[in-house]
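Per the numbering used here: the sequence shown = residues 11 to 349.
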Amino acid sequence: MDIFNINDLPFPQSLPEFQRLFPDDNACASYLERARWIHGFTCPRCLKVGEPFRIPTRPGVLVCRKCRCEDGLTVGTVMERSHTPLRTWFWAAYLVATQTPGISAVQFQRQLGLTRYETAFGILHKLRAGMVRPDQDRIGGQPANHVEVDEAWIGGKTRGEGRGVHHKTLVAAAVEVRHREPGTAQDKRKDGRYAGRVRLAVVADRSADSLCGFVQSTVAPGTLIVSDDWSGYGSLRKLGYDHHAIAECGNPEIAEEFMPIIHLVFSNLKAWLNGTHHGVSPKHLQAYLNEFTFRFNRRFYPFNAFRSLLGIAGGAEAPTYAALYSGDWIHPTCSRCMC
Ligand SMILES: [Zn+2]
Numbered sequence: 011m012d013i014f015n016i017n018d019l020p021f022p023q024s025l026p027e028f029q030r031l032f033p034d035d036n037a038c039a040s041y042l043e044r045a046r047w048i049h050g051f052t053c054p055r056c057l058k059v060g061e062p063f064r065i066p067t068r069p070g071v072l073v074c075r076k077c078r079c080e081d082g083l084t085v086g087t088v089m090e091r092s093h094t095p096l097r098t099w100f101w102a103a104y105l106v107a108t109q110t111p112g113i114s115a116v117q118f119q120r121q122l123g124l125t126r127y128e129t130a131f132g133i134l135h136k137l138r139a140g141m142v143r144p145d146q147d148r149i150g151g152q153p154a155n156h157v158e159v160d161e162a163w164i165g166g167k168t169r170g171e172g173r174g175v176h177h178k179t180l181v182a183a184a185v186e187v188r189h190r191e192p193g194t195a196q197d198k199r200k201d202g203r204y205a206g207r208v209r210l211a212v213v214a215d216r217s218a219d220s221l222c223g224f225v226q227s228t229v230a231p232g233t234l235i236v237s238d239d240w241s242g243y244g245s246l247r248k249l250g251y252d253h254h255a256i257a258e259c260g261n262p263e264i265a266e267e268f269m270p271i272i273h274l275v276f277s278n279l280k281a282w283l284n285g286t287h288h289g290v291s292p293k294h295l296q297a298y299l300n301e302f303t304f305r306f307n308r309r310f311y312p313f314n315a316f317r318s319l320l321g322i323a324g325g326a327e328a329p330t331y332a333a334l335y336s337g338d339w340i341h342p343t344c345s346r347c348m349c
């Protein structure tokens, strides 16, 4: 398959297809160019659109024919200033985008055939930075779909310290509930309801300030919100939301009936944290929540995940890596939030 002949950028559906689509760095470079400049190379200085000069000894550098200004193919992407070949980056982003539970640096090193563990670690680390705060806009806002909101204690095992919730962290979640077309095969499960986008955040406590504050920062005003009848959600109406509080949510049958999707999100989250990551410390939890959110919201769209990770998605989808690394919530050395 020749990627130059396809109008819309293709996305490999399998590993053999990946090999055909991206056989070498040149194929990746043309793909990158197409992804960045849909209407052809555009000079960053004089804004002239058109075929640039190319320098054989400096692949990846494009020169404007009018003003001779140089632009790099990888500028503004995760690959900027990296010595790792483009194809390795593409392969890495493809694996991260398509493997549901994620991948360890050791697996990564083997699959990519890298000699140095540090290279694998560094690539993974940078791709993960793209997941750190990928979703800033508020969910909901569609009259047909409501949003379920709930909170749960996550992580931290209690070992011989008595009952309670020691070392656990309170996490608030909001999820859009969507409906399948009636008559399709799946619409009998959970009354045809399924999860849309999700938002997750560590919250300080179960107070109205914390929980309503979470809702305000993650859900569009006017949305119908379904929660339990905990007083922490009591002022949602005053804050401009339509609010439906379910009584007796402590009863599992009632919870399953009225808030099935949020419970699914929490059980998936817990399974992912314990199964894939063997538990997570509280100070890193928000970074893991962000990765979970990134994966969950793109589970039907690996192509979007792939482009977001590489930083070539364009528009709001693309994180700017300079911004990612400048935030003071990121610390320099940890594999997660780099603390
Ligand atoms: Zn120019």
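No residue lacks a Cβ here, since even glycine has one placed at the ideal position from N, Cα and C.
Is the Cβ-Cβ distance between residue 242 and residue 217 less than 7 angstroms? yes
When DSSP labels each residue in this structure, what does residue 28 get in the three-state scheme? helix
By alpha-carbon positions, which one of 66, 57, 93 ends up nearest to residue 78? 57
Cβ of residue 248 versus every heavy atom of ligand 1: is any distance shorter than 6 angstroms? no
For chain C, is any of its Cβ atoms less than 7 angstroms away from the one on residue 313? Given the protein chain composition of this structure (a single chain), no chain C is represented.
Buried or exposed: where does residue 318 fall if 16 or more other Cβ atoms within 10 Å of its Cβ makes it buried? buried
Starting from the Cα of residue 283, find the closest Cα among 179, 315, 33 and give me that residue. 179
Could you give the distance in angstroms between the alpha-carbon of residue 37 and the alpha-carbon of residue 234? 47 angstroms
According to DSSP, residues forming a beta bridge with residue 184: 159, 209
Could you tell me the distance, in whole angstroms, from the CA atom of residue 157 to the CA atom of residue 66? 54 angstroms
Residue span of the alpha helix (DSSP H) that contains residue 264, given as start and end: 262 to 268
For residue 120, count the other beta carbons within 10 Å of its own beta carbon; 16 or more makes it buried, fewer makes it exposed. Which is it? exposed
Does ligand 1 have a heavy atom nearer than 6 angstroms to the CB of residue 68? no
Those residues which DSSP pairs with residue 204 across a bridge: 188
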